[in-house]
């Protein structure tokens, strides 16, 4: 039932069952925001063009902290939207890895000894784990023939069947899995009765494609853009990494499906539908996607 208006003259409602008071913007990116519509559209245009926080401050006139909060509200709303579509038909799968970045974490909360910048990797007083190990973050990647994408943090360490199985609900029953023959992906496909189209490595071969002509070009391009994004932002905190992955997927889908002049409006409309289940003060205390304290306990 209607329950008066707030200070912004926005209609409030009262739930007859639980007694909670809410408005039209509750749990959306516009909840507890004082920014005007034009400020949000300008900010979205900046994000679509991968501008830094410093550049967004100049464009919107807001503070750096406000732009940071707006960024993660936008990413969270878009992330809820892109997970609603199933992967169908021919699905190309692989994984990529990145280091654990604790950017923004306070010194008293650090799970490991701090690293001194400028030290050489050959320093004998420091131990470095090389290759794919437990101190690497595994990111599962999948793209189907309709450009629906899966780009999720699956855990730490090498890829495994269990990591792929976490996202089985995102796959249609009649998928054909295209991979480079990694055992974890082949077991994932067999366990779920998916058809397999494997790229067999051969010496002196220039075109890495399966017998049906499928390759992992789109997946490799996604991984390359991910590395460029990490470099562009000078590293992304593991706490917020999934939000950046969601936004990367969304930008690629917009590039494939929407004209450039309509992307800002389309992004605004989709974000408006999304749910943001946190308030501003929670952004810097998101739950970590992997147990970093267990990894560094020794």
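In our numbering, the protein residues as written are 3 to 300.
Glycine residues also receive a C-beta, built at the ideal position from the N, C-alpha and C atoms.
Item checked: Reduced DSSP secondary structure (H/G/I, E/B, other) of residue 176 -> Reduced to three states, the DSSP call for residue 176 is coil.
Notebook entry, point to check: Quick one: Cα of residue 72 to Cα of residue 186, how far?
Noted result: C-alpha separation (whole angstroms): 38 Å.
Margin query: For a quick check, are the C-beta atoms of residue 221 and residue 160 less than 9 Å apart?
Written below: No Cβ-Cβ contact shorter than 9 Å links residue 221 with residue 160.
Note to self: What ranges does the alpha helix (DSSP H) occupy inside the segment 45 to 114, keeping only unbroken runs of at least 4 residues that lie completely in it?
What the structure shows: Within the segment 45 to 114, the complete alpha helix (DSSP H) runs of at least 4 residues are 55 to 62 and 66 to 84.
Checklist line | Nearest residue (CA-CA) to residue 135, options 102, 149, 110 and 113 | finding: For residue 135, the nearest C-alpha among the options comes from 102.
Notebook entry, point to check: DSSP state of residue 239, grouped into three classes?
Noted result: In the displayed model, residue 239 falls within coil according to three-state DSSP, outside both helix and strand.
Notebook entry, point to check: Can you name, in chain order, every residue of its own chain whose Cβ lies under 8 Å from the Cβ of residue 84, other than the five neighbours on each side?
Noted result: Same-chain partners within the cutoff: 151, 248, 251, 252 and 255.
Notebook entry, point to check: Using a Cβ-Cβ cut-off of 7 Å (strictly less than) and excluding sequence neighbours within five positions of residue 168, which residues of its own chain qualify?
Noted result: Excluding residues within five positions, the ones whose Cβ falls inside 7 Å are 156.
Next item on the list: Leaving aside the five residues before and after residue 172 along the sequence, list all residues of the same chain whose C-beta is less than 7 Å from its C-beta, in chain order.
Entry: Correct list, in chain order: 88, 89 and 152.
Item checked: Classification of residue 68 by the beta-carbon crowding that lies within 10 angstroms, buried from 16 upward -> Counting C-beta atoms within 10 angstroms of its own C-beta, residue 68 has 16 or more neighbours from the protein chains shown and is therefore classed as buried.
Item checked: Classification of residue 16 by the beta-carbon crowding that lies within 10 angstroms, buried from 16 upward -> Residue 16 sits exposed, since fewer than 16 C-beta atoms from the chains shown fall within 10 Å of its C-beta.
Check: Looking at the structure shown, is residue 156 part of a helix, part of a strand, or coil, going by DSSP?
Finding: DSSP places residue 156 in strand when its eight states are reduced to three.
Next item on the list: Give me the Cα-Cα distance between residue 277 and residue 110, rounded to the nearest whole angstrom.
Entry: Cα to Cα, residue 277 sits roughly 32 Å from residue 110.
Checklist line | Distance between beta carbons of residue 246 and residue 231, contact taken as under 8 Å | finding: Correct: roughly 7 Å between the Cβ atoms.
Check: Buried or exposed: where does residue 158 fall if 16 or more other Cβ atoms within 10 Å of its Cβ makes it buried?
Finding: So residue 158 ends up on the buried side.
Notebook entry, point to check: According to the neighbour-count rule (16 or more other Cβ atoms, all chains shown, within 10 Å of its Cβ), is residue 178 buried or exposed?
Noted result: Classification for residue 178: buried.
Next item on the list: Rounded to whole angstroms, what's the CA-CA distance from residue 64 to residue 282? Just pull it up for me.
Entry: Note on geometry: alpha-carbon atoms of residue 64 and residue 282 lie some 15 Å from one another.
Check: In three-state DSSP terms, what is residue 6?
Finding: Residue state, collapsed to three classes: strand.
Check: Since residue 140 sits in a beta bridge, which residues does DSSP pair it with?
Finding: Answer is 99 and 157, bridged to residue 140.
Next item on the list: Locate the beta strand (DSSP E) running through residue 23, then write down its first and last residues.
Entry: Annotation: the continuous beta strand (DSSP E) that includes residue 23 extends over 23 to 25.
Next item on the list: Since I believe residue 142 is in contact with residue 97 (beta carbons under 8 Å), could you give me their beta-carbon distance rounded to a whole number of angstroms?
Entry: At roughly 5 Å, the Cβ-Cβ gap stays under 8 Å, so residue 97 and residue 142 are in contact.
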